[in-house]
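A.B. asks: Got a structure for you, written out below as structure tokens; questions coming shortly.
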Amino acid sequence: MSIYGQTNNSDNEISAQDKILLQKFWKDFTDAVNKNDKKKLETLCEFPFYCSPCLDYIKSKNNNLFTVKVTRALYHQKHYKIFFEKALKTDVKKHQKFNVKLFHPYFNEEIKRYGISFLYTLVPPSEHWEGSQGMITLRKIEGKFKITGIDTVP
Numbered sequence: 005m006s007i008y009g010q011t012n013n014s015d016n017e018i019s020a021q022d023k024i025l026l027q028k029f030w031k032d033f034t035d036a037v038n039k040n041d042k043k044k045l046e047t048l049c050e051f052p053f054y055c056s057p058c059l060d061y062i063k064s065k066n067n068n069l070f071t072v073k074v075t076r077a078l079y080h081q082k083h084y085k086i087f088f089e090k091a092l093k094t095d096v097k098k099h100q101k102f103n104v105k106l107f108h109p110y111f112n113e114e115i116k117r118y119g120i121s122f123l124y125t126l127v128p129p130s131e132h133w134e135g136s137q138g139m140i141t142l143r144k145i146e147g148k149f150k151i152t153g154i155d156t157v158p
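With positions in the sequence shown counted from 1, the corresponding number in my numbering is that position plus 4.
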């Protein structure tokens with residue numbers, strides 16, 4: 005798979021060690037989402053993280069915002085709910101069993117591998133629109149994968 009026009013090379017491969025860490029992350033993540041376990045999900049996040057679908061949870065009149073910087077305090081107020089929304093829960097249930105093909109490396113502006121992401125359907129495609137996906141980004145921090153952002157595509 006090519007991301008941002010990248011050709012296939014070793015940066016697109018996920019190492020055997022990272023596959024094991026991703027499998028542990030996925031089990032913890034899917035268990036927490038299915039059980040609405042906000043405390044467990046908190047341990048899987050690196051704070052602060054940026055979240056564009058979290059704009060729905062703020063009452064700001066600022067239409068220029070594209071994302072929310074989710075601190076631990078904001079997470080506890082209501083932003084944890086992003087993990088319990090129907091779209092994400094549906095995809096988590098569909099992919100309960102770990103499959104490394106769900107995960108894709110992503111790259112920063114310098115075209116260096118920056119982390120790993122996985123997608124979930126927010127709005128399914130239709131005859132008139134391509135639909136929308138949520139993208140949860142992960143980085144390996146202190147030997148564990150942690151959520152470092154949530155975005156939407158497109």
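Glycine included, every Cβ here is placed at the ideal spot set by N, Cα and C.
The structure displayed is predicted, hence computed values, not measured ones.
1. Looking at the structure shown, is Phe70 part of a helix, part of a strand, or coil, going by DSSP?
2. Should His83 be labelled buried (16 or more other beta-carbon atoms within 10 Å of its own) or exposed?
3. Which value, in whole angstroms, describes the spacing of the CA atoms of Lys150 and Met139?
4. Which residue marks the beginning of the beta strand (DSSP E) containing Glu46, and which one marks its end?
5. Report all residues from its chain with a CB closer than 6 Å to the CB of Phe122; omit the five preceding and five following residues, and keep chain order.
6. Going by other Cβ atoms of all chains shown within 10 Å of its Cβ, with 16 needed for buried, is Gly147 buried or exposed?
7. Quick one: what's got a C-beta closer than 8 Å to Thr156's C-beta in the same chain, skipping five residues either side?
8. Assign Phe107 to one of three DSSP states: helix, strand, or coil.
9. Report the rounded CA-to-CA distance for Asn38 versus Thr94, giving the unit in angstroms.
10. On the DSSP bridge list, what partners appear for Gln4?
11. When the Cα of Asp41 is compared with those of Lys85, Gln27, Lys63 and Phe51, which residue comes out closest?
12. Contact defined as beta carbons within less than 8 Å: I believe Leu26 pairs with Phe87. What is the distance between those atoms, to the nearest angstrom?
13. Assign Val74 to one of two classes, buried (16 or more other C-beta atoms within 10 Å of its C-beta) or exposed (fewer than that).
14. Starting from Cys55, follow its DSSP beta bridges and name the residues at the other end.
C.D. replies: With the structure as the only source:
1. Numbered from its first residue, the sequence shown carries residue 70 at position 66. Three-state result, Phe70: coil.
2. The residue you call residue 83 lines up with position 79 of the sequence shown. That one is buried.
3. As a position in the sequence shown, residue 150 is number 146, starting the count at 1. As a position in the sequence shown, residue 139 is number 135, starting the count at 1. Rounded to whole angstroms, Lys150 to Met139 spans 14 Å at the Cα level.
4. Position 42 of the sequence shown, counted from the first residue, corresponds to residue 46. Run containing Glu46: none in the beta strand (DSSP E); it sits in the alpha helix (DSSP H), Lys42 to Thr47.
5. Mapped onto the sequence shown, residue 122 falls at position 118. Leu106, Phe107 and Ile140.
6. Position 143 of the sequence shown, counting from 1, holds the residue named residue 147. Per the 10 Å Cβ criterion, exposed.
7. Taking the sequence shown and counting its residues from 1, one reaches residue 156 at position 152. Result list for Thr156: Ser56, Pro57, Leu126, Ser136, Gln137, Gly138 and Met139, in chain order.
8. Stepping through the sequence shown from its first residue, residue 107 is reached at position 103. Strand at Phe107.
9. On the sequence shown, position 34 is the one that residue 38 refers to. On the sequence shown, position 90 is the one that residue 94 refers to. Taking the straight line joining both Cα atoms gives about 10 Å.
10. No information on residue 4 is available, as it lies outside the stretch 5 to 158 that the chain covers here.
11. Working through the sequence shown from its first residue, we reach residue 41 at position 37. Ranking Lys85, Gln27, Lys63 and Phe51 by Cα distance to Asp41 puts Lys85 first.
12. Along the sequence shown, one-based indexing puts residue 26 at 22. Along the sequence shown, one-based indexing puts residue 87 at 83. Going by Cβ atoms, the distance from Leu26 to Phe87 rounds to 18 Å, so no, they are not a contact pair.
13. Counting from one through the sequence shown, the residue named residue 74 turns up at place 70. Under this definition Val74 is a buried residue.
14. Counting from 1 along the sequence shown, the entry for residue 55 is found at position 51. The partner list for Cys55 (beta bridge, DSSP) reads Val72 and Ile154.
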